[in-house]
Ligand code: 13P
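In the numbering used here, the protein residues as written are 1 to 261.
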């Protein structure tokens, strides 16, 4: 059975007390069936809002199996950037991963490819796992522009990285129209884009370091098995269904049980 990356983006949800309760439930569930969950077959990373990162880190510290990252972070280390939290600060607080270029950052907060690249590069340079999110809008898909849009997002994010910086990189294909809509990409459409992203990454970074490719956009228990069974989909970046520990873990369970069946 292949390893699955189960990444949960909580977005602007979960105050510290809720985060603590969530982690307790998640760890209890993982402990209940220890044989089913090992580092070899599952990597879990939670992306809480900054305010709840310490609560998550304190709750998961003993478990070893669960990591925590940030949903965003500024590329400068410190200075007059009111309202920002730097990636360096996030790392020193204990985060081990950072998303870059999530569609909500791009579309609600106007982050262009250039800013996304700076954030991704900074994350990788300071040793965080950098999760590069990319994906097309519905209008772009309907206009047949998906691959061109994805190419440009990946190319601009890769530019300036050398061949060794693929270590620590994760790619997350999240079609904008599938996020929070309940309408996931078909497994074959998701596979096609993820395979394409994998090829582009291999061309840039070589075949040496394995760069996981995740799919995100309305992933839930009922569609997890088919999506995660695709050859070039290594895991899921989950929004809504990650907000409850049981529905989050059910995504992995659907894959595992499907595999065992
Ligand atoms: P949903 O799973 O709620 O569609 O969100 C996906 C997402 O944006 C994860 O980063």
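The beta carbon of each residue, even a glycine, is placed where N, CA and C say it ideally should be.
Just so it is clear, the structure is predicted and the values come from calculations on it, not from any experiment.
Ordered along the chain, which non-local residues of its own chain (more than five positions away) have a Cβ less than 6 Å from that of residue i?
| i | result |
| --- | --- |
| residue 119 | 75, 100 |
| residue 169 | 130, 211 |
| residue 124 | 130, 165, 168 |
| residue 184 | 178, 217, 218, 223 |
| residue 138 | 177 |
| residue 5 | 43, 212, 214, 234, 235 |
| residue 149 | 136, 140 |
Who are the Cβ neighbours of residue i in its own chain at under 7 Å, not counting the five residues just before and after it?
| i | result |
| --- | --- |
| residue 20 | 55, 59 |
| residue 40 | 3 |
| residue 97 | 45, 67, 69, 128, 129, 131 |
| residue 24 | 59 |
| residue 34 | none |
Can you tell me where the alpha helix (DSSP H) with residue i in it begins and where it stops?
| i | result |
| --- | --- |
| residue 195 | 187 to 205 |
| residue 258 | 245 to 260 |
| residue 149 | 146 to 158 |
| residue 138 | 138 to 142 |
Assuming residue i contacts residue j (C-beta within less than 8 Å), just tell me the rounded distance between them.
| i | j | result |
| --- | --- | --- |
| residue 242 | residue 9 | 6 Å |
| residue 173 | residue 202 | No, residue 173 and residue 202 are not in contact; Cβ-Cβ is about 15 Å, not under 8 Å. |
| residue 214 | residue 189 | About 15 Å separates the two Cβ atoms, so there is no contact after all. |
| residue 221 | residue 254 | 5 Å |
For ligand 1, is there a heavy atom less than 7 Å away from the beta-carbon of residue i?
| i | result |
| --- | --- |
| residue 107 | no |
| residue 98 | no |
| residue 9 | yes |
| residue 64 | no |
| residue 120 | no |
| residue 179 | yes |
| residue 176 | no |
| residue 156 | no |
| residue 196 | no |
| residue 149 | no |
| residue 73 | no |
In the DSSP assignment, the beta strand (DSSP E) including residue i goes from what residue to what residue?
| i | result |
| --- | --- |
| residue 170 | 169 to 173 |
| residue 129 | 129 to 134 |
| residue 228 | From DSSP, residue 228 is part of no beta strand (DSSP E) but of the alpha helix (DSSP H) over 221 to 228. |
| residue 95 | Note, residue 95: premise wrong, no beta strand (DSSP E); not H, not E. |
| residue 241 | Where residue 241 is concerned, there is no enclosing beta strand (DSSP E), given that its DSSP letter is neither H nor E. |
Kindly list the residues whose CB is nearer than 8 Å to the CB of residue i, restricted to its own chain and excluding five residues on each side of it in sequence; keep chain order.
| i | result |
| --- | --- |
| residue 157 | 100, 101, 113, 116, 117, 120, 132, 134 |
| residue 155 | 200 |
* To do: Let me know the alpha helix (DSSP H) ranges lying completely inside the segment 6 to 83, each 4 residues or longer, listed in chain order.
  => 16 to 32, 53 to 60
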